[in-house]
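Reading through the C-alpha cells given below for one structure.
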Amino acid sequence: MAALLLLCGGVRAVVLSREYSPVDARRSLHYANATYADADAVASWKCGSSCVANPSLEVTAVVKSDDANDDLAYVGVDDRNTQVVVALRGSSTRQEWFMLRRVDPILFDVTSGCGYDCKVDALFQERYSVLRRSIRSAVVSALKKKPGYHVLVTGHSFGAALAQLAAVDLQGHVLRVFFISKPIVSLYTFGMPRVGNRAFAEWAAAMLSRGSHFRVTSGRDPVPRMHLGGIEDFEHVPGEVYCVNADPESCRVCEDSVGSEDPECIAHTSEENRLDHFSYFGERISSDVGVDIALFMQPL
Numbered sequence: 001m002a003a004l005l006l007l008c009g010g011v012r013a014v015v016l017s018r019e020y021s022p023v024d025a026r027r028s029l030h031y032a033n034a035t036y037a038d039a040d041a042v043a044s045w046k047c048g049s050s051c052v053a054n055p056s057l058e059v060t061a062v063v064k065s066d067d068a069n070d071d072l073a074y075v076g077v078d079d080r081n082t083q084v085v086v087a088l089r090g091s092s093t094r095q096e097w098f099m100l101r102r103v104d105p106i107l108f109d110v111t112s113g114c115g116y117d118c119k120v121d122a123l124f125q126e127r128y129s130v131l132r133r134s135i136r137s138a139v140v141s142a143l144k145k146k147p148g149y150h151v152l153v154t155g156h157s158f159g160a161a162l163a164q165l166a167a168v169d170l171q172g173h174v175l176r177v178f179f180i181s182k183p184i185v186s187l188y189t190f191g192m193p194r195v196g197n198r199a200f201a202e203w204a205a206a207m208l209s210r211g212s213h214f215r216v217t218s219g220r221d222p223v224p225r226m227h228l229g230g231i232e233d234f235e236h237v238p239g240e241v242y243c244v245n246a247d248p249e250s251c252r253v254c255e256d257s258v259g260s261e262d263p264e265c266i267a268h269t270s271e272e273n274r275l276d277h278f279s280y281f282g283e284r285i286s287s288d289v290g291v292d293i294a295l296f297m298q299p300l
C-alpha cells in the first residue's frame, strides 16, 4: 500500500509540444531530480536547485510506499505551463542499481488493454502497482480542479521505468474519467532501462501518440543499452533523444522504431561511463539531496 499526503485549488489549454523541446526536457529533468529529496523537502518544494528551477510548481500530493523500498512519487500543478506533473523517484540504493541487470518477465496488467502478449519486468510492475492507486487519485483530483490542463510524467533511471508504466496507465485512466475533455499524457524520461517486450513497446507508443514521449539518453550511459538479463525481446519505446555530452546543442532526435534503434545514437556506443547515467544537460542528478553516487560506481 502507498501513503498519500494531500497538500492542496478561463484556463489556457496548452500541452507539451509533440516536437522535442529542450526547454520541456530540462524542466522535466528538474522535476525528476527533485524526487531524490526526502518527502518533506518535496512537499514544501524546497529541494535545492531543481525546485528553484521550477518555481511555478505547487506540490499537491506526495506518494510513498510504506515498505522498505523507499519508493516516492509526487503530483503537482504547474500553472505557468498548465500541466499536472507526476514524477517518480529513481534508484536510491545499490540494490536497485544491481536489479537493473536482472529481469523477470511477467504478463502486463491485463486490465490495460495491452493484450496477453505484453510482458514487462516484474519488479517494475510490482513497484508501480504499490503507488498506482494514490497517483491516479491525486492526478484525477488535480485535473478536476484544473480543467483543460494536461499531464506530464517524468523520471530518471529506475524512476524512468516506473514513469513509463505510469504514463500509459494514467493515459488510459484519465481518458475513462474525463471522456469529454480527454487529457493528454506526455512523457520525458532520462537514463531509462528497457521496460517491456516488443508487444508492450508497440502498445505503449500507440497509447502515448497524442502527446510527446521522449527518452533522453546521454553520452555512454550503460543503462539504456542493457538487455536486461540477456533477454533480447525487451525493447525500448521509440522516441530517443541522444545527447553526446553536457551541451544541449549536442542532442539529436533519433530515427528509431520498436526493435530498431538508431545506430547514430546511444546504441552505437561500445564503452560505458556510469557517471553519464547521473549527468544530463550538465546537471548532476541527485547532487543536491545527498544520494551518494559512489555507491553506484561498482560493476553491475
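Residue numbers are given in the UniProt record's numbering: position 208 of the sequence shown equals residue 208, and the series is strictly consecutive.
Glycine included, each C-beta is placed from N, C-alpha and C at the ideal position.
Inset, instruction - Enumerate, from N- to C-terminal direction, the unbroken beta strand (DSSP E) stretches of 3 or more residues contained entirely within the segment 166–232. - result: 185–190 and 213–218
Legend entry - Straight-line Cα distance separating D66 from D38: Walking along the sequence shown from the start, residue 38 turns up at place 38. Walking along the sequence shown from the start, residue 66 turns up at place 66. Distance between the alpha carbons of D38 and D66 is about 14 Å.
Inset, instruction - Mind checking which residues open and close the beta strand (DSSP E) that includes Y242? - result: Along the sequence shown, one-based indexing puts residue 242 at 242. Start and end: E240 to C243.
Legend entry - Boundaries of the alpha helix (DSSP H) in which R27 is found, first to last residue: Position 27 of the sequence shown holds residue 27. Counting along the chain, the alpha helix (DSSP H) containing R27 begins and ends at P22 to A34.
Inset, instruction - Quick one: residues in its chain with C-beta nearer than 7 Å to the C-beta of L88, no 5 flanking neighbours on either side, listed in chain order? - result: For the purposes of this step, residue 88 is taken as residue 88 along the sequence shown, with counting starting at 1. T35, A73, G155, G159, L162, A163 and A166, listed in sequence order.
Inset, instruction - For A122, I'd like the list of residues in its chain whose CB is within less than 6 Å of its CB, leaving aside the five on either flank, ordered along the chain. - result: The count along the sequence shown starts at 1 and reaches residue 122 at position 122. Correct list, in chain order: D104 and I106.
Legend entry - Cutoff 7 Å; reference A142; Cβ partners in own chain excluding five residues on either side: Your numbering for residue 142 matches position 142 in the sequence shown. So the list reads T60, V75, V77 and V84, once near-sequence residues are dropped.
Inset, instruction - Look at the Cβ atom of F281, then the Cβ atom of R26, and state whether they are nearer than 7 Å. - result: As a position in the sequence shown, residue 281 is number 281, starting the count at 1. As a position in the sequence shown, residue 26 is number 26, starting the count at 1. Yes, these two residues count as a Cβ contact at 7 Å.
Inset, instruction - Let me know if E19 comes out buried or exposed under the rule of 16 or more other beta-carbons within 10 Å of its beta-carbon. - result: Counting from 1 along the sequence shown, the entry for residue 19 is found at position 19. Counting Cβ neighbours within 10 Å, E19 comes out exposed, since fewer than 16 surround it.
Legend entry - Short Cβ contact (7 Å threshold) for N273 with R225: In the sequence shown, the residue the question calls residue 273 occupies position 273. In the sequence shown, the residue the question calls residue 225 occupies position 225. Cβ distance not < 7 Å, so N273 and R225 don't count as in contact.
Inset, instruction - Let me know the secondary structure DSSP gives P105 once reduced to three states. - result: Locating residue 105 in the sequence shown gives position 105, where the first residue counts as 1. In the structure shown, P105 sits in a strand (DSSP, three-state: E or B).
Legend entry - Contact belief for E237 with H213 at Cβ below 8 Å, rounded distance in angstroms: As a working mapping, residue 237 is identified with position 237 in the sequence shown. As a working mapping, residue 213 is identified with position 213 in the sequence shown. Inspection of the sequence shows that residue 237 is occupied by Val rather than by Glu. Between H213 and V237 the Cβ distance is about 7 Å, and since that is below 8 Å, they are a contact.
Legend entry - Euclidean distance between Cα positions of D117 and D70: In the sequence shown, residue 117 corresponds to position 117, counting from 1. In the sequence shown, residue 70 corresponds to position 70, counting from 1. Roughly 31 Å between the two C-alpha positions.
Legend entry - Y116 CB to nearest heavy atom of the ligand GTP below 6 Å: The ligand GTP is absent from the structure shown, which contains no ligands of any kind.
Legend entry - S186 versus I180: straight-line alpha-carbon distance, rounded: For this step, residue 186 is matched to residue 186 along the sequence shown. For this step, residue 180 is matched to residue 180 along the sequence shown. Between S186 and I180, the C-alpha separation is close to 18 Å.
Legend entry - Neighbour-count burial assignment, S218, 16 or more Cβ in a 10 Å radius: Counting from 1 along the sequence shown, the entry for residue 218 is found at position 218. By the neighbour-count rule (16 or more Cβ atoms within 10 Å), S218 is buried.
Inset, instruction - Rounded to whole angstroms, what's the CA-CA distance from G239 to D262? Just pull it up for me. - result: Position 239 of the sequence shown, counting from 1, holds the residue named residue 239. Position 262 of the sequence shown, counting from 1, holds the residue named residue 262. Near 10 Å, if we compare the C-alpha coordinates of D262 and G239.
Inset, instruction - Quick one: give me the first and last residue of the alpha helix (DSSP H) that L123 is part of. - result: The sequence position of residue 123 within the sequence shown is 123, counting from 1. Run containing L123: A122 to K145, per the alpha helix (DSSP H) assignment.
Inset, instruction - Tell me whether G90 is buried or exposed, calling it buried when 16 or more other Cβ atoms sit within 10 Å of its Cβ. - result: Looking up residue 90 in the sequence shown gives position 90. Buried.
Inset, instruction - Answer with buried or exposed for V23, where buried requires no fewer than 16 other C-beta atoms within 10 angstroms of its C-beta. - result: For the purposes of this step, residue 23 is identified with residue 23 of the sequence shown, where counting begins at 1. By the 10 Å Cβ count, V23 comes out exposed.
Legend entry - Nearest-angstrom Cα separation, counted from V244 out to N54: Translated into the one-based positions of the sequence shown, residue 54 becomes position 54. Translated into the one-based positions of the sequence shown, residue 244 becomes position 244. Distance between the alpha carbons of N54 and V244: 25 Å.
Legend entry - Delimiting residues of the beta strand (DSSP E) encompassing C251: Against the sequence shown, residue 251 aligns to sequence position 251. Where C251 is concerned, the enclosing beta strand (DSSP E) stretches over C251 to V253.
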